[in-house]
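As structure tokens, the structure follows; a few thoughts come after it.
Numbering (the numbering used here), first residue to last: 1 to 248.
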């Protein structure tokens with residue numbers, strides 16, 4: 001367990017380093033945070049949210065500032081992130097909990113559970129989904145799971161260029177942030193169903209034809225917005241995919 005915590009602290013340090021693309025508010029990653037939230041927001045329900053893996057709070061910020069939920073709880077296994085989030089968002093009533101996902105225990109049930117870019121980091125993915133599915137309050141509650149898409153057009157281009165052997169191969173960034181797998185829509189839905197969840201909606205976010213650096217050098221905000229809309233139109237090849245689930 002300590003080794004896992006040390007790894008999470010190392011990743012959290014990378015997020016705050018100059019190498020992290022999230023550092024710039026104009027980066028593709030920073031814009032993607034807004035597009036993700038815009039997508040999540042359609043499915044919000046009830047009065048309480050559990051955010052799994054808030055990291056440096058790029059989504060947490062939108063959750064707190066909008067104030068849709070009366071009760072907001074987040075869990076993260078990196079102490080550095082937890083301390084940062086407490087300083088930034090305790091004012092809004094956001095409760096940041098320091099815990100590994102497998103260690104977190106609560107009797108509380110939630111209307112909405114969010115796991116954005118978490119599943120691909122885990123080894124016991126179905127076990128994780130099953131555990132947190134049990135924290136859904138009722139059949140109207142929703143569990144939204146978002147992951148990078150193995151079939152994203154930019155990964156397919158990477159294969160054609162010889163940079164990847166196949167679309168599900170881990171690239172250098174995947175390795176840096178300790179990704180264990182890259183999901184397709186089919187494998188994501190399969191794991192959700194294995195965990196006893198009912199998939200009621202699936203979709204994609206952002207069409208990414210080039211690398212993040214190439215997009216930042218060439219594209220403006222209206223074009224980024226267009227690629228966001230195209231991601232919804234063509235989810236099979238979008239940069240990120242998601243499923244919205246409910247209890248069976």
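Note that CB positions come from ideal geometry on N, CA and C, so glycine has one too.
For residue 209, three-class secondary structure by DSSP: Correct three-state label for residue 209: coil.
What are the partner residues of residue 149, as DSSP defines its beta bridges? BP columns for residue 149 point to 183.
Alpha helix (DSSP H) segment containing residue 251, residue limits: Lying outside 1 to 248, the shown extent of the chain, residue 251 is not represented and no answer is given.
Worksheet item: How about residue 113 and residue 161: do their beta carbons lie closer than 7 Å?
Response: The criterion of a C-beta distance shorter than 7 Å is not satisfied by residue 113 and residue 161.
Kindly indicate which three-state DSSP category residue 132 falls into: helix, strand or coil?
Per DSSP, reduced to three states, the secondary structure at residue 132 is helical.
Please classify residue 31 as buried or exposed, where buried requires at least 16 other C-beta atoms within 10 Å of its C-beta.
Residue environment analysis places residue 31 among the buried positions, since at least 16 neighbouring C-beta atoms fall within 10 angstroms of its C-beta.
Quickly, what does DSSP pair residue 95 with across the bridge? List them, please. DSSP output for residue 95 lists 73 as bridge partner(s).
I need the straight-line Cα distance from residue 95 to residue 157, nearest angstrom please. One C-alpha to the other measures close to 42 Å.
Drop a sphere of 10 angstroms on the beta-carbon of residue 226, count the other beta-carbons inside from all chains shown, and report buried for 16 or more, exposed for fewer.
-> When all chains shown are included, residue 226 counts as exposed.
What are the residues that DSSP puts in a beta bridge with residue 246?
DSSP output for residue 246 lists 198 as bridge partner(s).
Review point. Name the DSSP beta bridge partners of residue 48, please?
Key: As a beta-bridge residue in DSSP terms, residue 48 pairs with 71.
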